[in-house]
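Undergrad: I am attaching a structure below and will ask some questions about it afterwards.
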Amino acid sequence: MLLPTAATVTPATAATPAVACTSQRAGLAAKLVQDITAALKGRTSTTAILVNDRVTKTSCVLRPDTQFDSASVVKTTVLATLLWDAQKSKRALTATEKSHAVAMITKSDNNATSALWKQLGVTKVKGFLTAAGMTRTVPGSGGYWGLTQITARDQQKLLALITAKNTVLTDASRGYILELMNKVVPEQRWGTPAGAPSTAKIHVKNGWLPRSTHGWRVHSIGAFTGTAHNYQITVLTHGNATMQDGVNTIQAVARAVHKDLNPTAGARMMFTPPAAPQESIPPVPETGPAR
Numbered sequence: 000m001l002l003p004t005a006a007t008v009t010p011a012t013a014a015t016p017a018v019a020c021t022s023q024r025a026g027l028a029a030k031l032v033q034d035i036t037a038a039l040k041g042r043t044s045t046t047a048i049l050v051n052d053r054v055t056k057t058s059c060v061l062r063p064d065t066q067f068d069s070a071s072v073v074k075t076t077v078l079a080t081l082l083w084d085a086q087k088s089k090r091a092l093t094a095t096e097k098s099h100a101v102a103m104i105t106k107s108d109n110n111a112t113s114a115l116w117k118q119l120g121v122t123k124v125k126g127f128l129t130a131a132g133m134t135r136t137v138p139g140s141g142g143y144w145g146l147t148q149i150t151a152r153d154q155q156k157l158l159a160l161i162t163a164k165n166t167v168l169t170d171a172s173r174g175y176i177l178e179l180m181n182k183v184v185p186e187q188r189w190g191t192p193a194g195a196p197s198t199a200k201i202h203v204k205n206g207w208l209p210r211s212t213h214g215w216r217v218h219s220i221g222a223f224t225g226t227a228h229n230y231q232i233t234v235l236t237h238g239n240a241t242m243q244d245g246v247n248t249i250q251a252v253a254r255a256v257h258k259d260l261n262p263t264a265g266a267r268m269m270f271t272p273p274a275a276p277q278e279s280i281p282p283v284p285e286t287g288p289a290r
């Protein structure tokens, strides 16, 4: 039996966490550690990373339990909660709910998200989080869903539920979430899809949010499926001086991961994200730095 190999990088100081990877593909863990670490070199933001590949039994982690303001990434959790709640009463989504869901995920519409958040209520959101095992996620209070506290580990738990059969979300619910995440408008297909092979189907949700502390929060979660692909990437960041700094960090990490997981894919066949990424900024009870 082939045992997983592990690799890590010794941090410069005891307070500096290091990327750690394991894999059942020989040499892959060390390669990922080297390339992800290089992608992060010189960047000043706080970055959390979690990668899982079911094909090669590969996992990478960095700050998996550090909490971040969610920004629009939480919209996938809102949709999952809506579907989970509908499942319990064995009902289909209404036309209005479907309209809100499509706008919320494919266009990152804030008004649609607020309507669903208000309809569900924090109690139902917490119920889904408990069912999903997302124990370190804390819903935002006062209607400020963009200030939900999230972690990379919990976001990976959500992606795992969406991409594999389970008892929390039905196959129909999972398929609907993946379908909408695959139909995100072009200007919002930045982040974790950067460098994805053309043979992979991309499912993504991103978010960004500026605040007076920790600067710009910029996040991206992505699932990559297909005949030869079954992996998920979460990259969460804060402490970015600008929005573009966060985007650049996420995309540098993503390109390294996609390249290492798909070593035979040609560079010309890799996905190139939009030159001017866009995403709506969710409402928060304070004004952040100017865009």
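Position 42 (the sequence shown) corresponds to 41 in numbering that gives the first Met the number 0; numbering is contiguous.
Glycine included, every Cβ here is placed at the ideal spot set by N, Cα and C.
When the Cα of Pro138 is compared with those of Thr236, Ser69, Ala37, which residue comes out closest?
TA: Ser69
Undergrad: The beta strand (DSSP E) with Val18 in it runs from where to where?
TA: Note, Val18: premise wrong, no beta strand (DSSP E); not H, not E.
Undergrad: To the nearest angstrom, how far is it from the Cα of Thr55 to the Cα of Leu260?
TA: 8 Å
Undergrad: Put Ala131 into one of helix, strand or coil per three-state DSSP.
TA: helix
Undergrad: Going by CA-CA distance only, name the one from Val256, Ala100, Val184, Lys125 that's closest to Ala114.
TA: Ala100
Undergrad: With burial defined as no fewer than 16 other Cβ atoms inside 10 Å of the residue's Cβ, what is the status of Glu278: buried or exposed?
TA: buried
Undergrad: Would Phe270 and Ala195 qualify as a contact pair, given that the criterion is a beta-carbon distance under 7 Å?
TA: yes
Undergrad: Assuming Arg62 and Ala85 form a contact by the criterion Cβ under 8 Å, report the distance between their Cβ atoms to the nearest whole angstrom.
TA: That pair is no contact at about 34 Å.
Undergrad: From which residue to which residue does the alpha helix (DSSP H) around Trp83 run?
TA: Taken as a continuous stretch (DSSP letters only), the alpha helix (DSSP H) holding Trp83 covers 74–87.
Undergrad: Could you check the C-alpha separation between Glu178 and Asp153 for me, to the nearest Å?
TA: 21 Å
Undergrad: For Arg267, report the span of its beta strand (DSSP E) as first-last.
TA: Per DSSP, Arg267 belongs to no beta strand (DSSP E) and is neither H nor E.
Undergrad: Rounded to whole angstroms, what's the CA-CA distance from Val32 to Val18? Just pull it up for me.
TA: 6 Å
Undergrad: When the Cα of Val217 is compared with those of Thr198, Thr191, Gly225, which residue comes out closest?
TA: Taking only the C-alpha atoms, the option nearest Val217 is Thr191.
Undergrad: Taking all protein chains shown into account, decide if Ala94 is buried (16 or more other Cβ within 10 angstroms of its Cβ) or exposed.
TA: exposed
Undergrad: When you compare the stretch 33–46 with the stretch 234–249, are there three or more beta-carbon pairs, one atom per stretch, that lie closer than 8 Å?
TA: yes
Undergrad: Label Thr12 either buried or exposed according to how many other C-beta atoms from any shown protein chain fall within 10 Å of its C-beta, with 16 as the threshold for buried.
TA: Confidence at Thr12 is low in this model, with a pLDDT of 38, below 50, so the placement of that residue should be treated as unreliable; the coordinate-derived value is given next. Exposed, because fewer than 16 other Cβ atoms sit within 10 Å of the Cβ of Thr12.
Undergrad: Keeping to the same chain, check which residues put their C-beta closer than 8 Å to that of Val77; ignore five residues upstream and five downstream.
TA: Met103, Thr112, Leu115, Trp116, Leu119, Val124, Trp144
Undergrad: Along the chain, where does the alpha helix (DSSP H) containing Asn247 start, and where does it finish?
TA: 242–260
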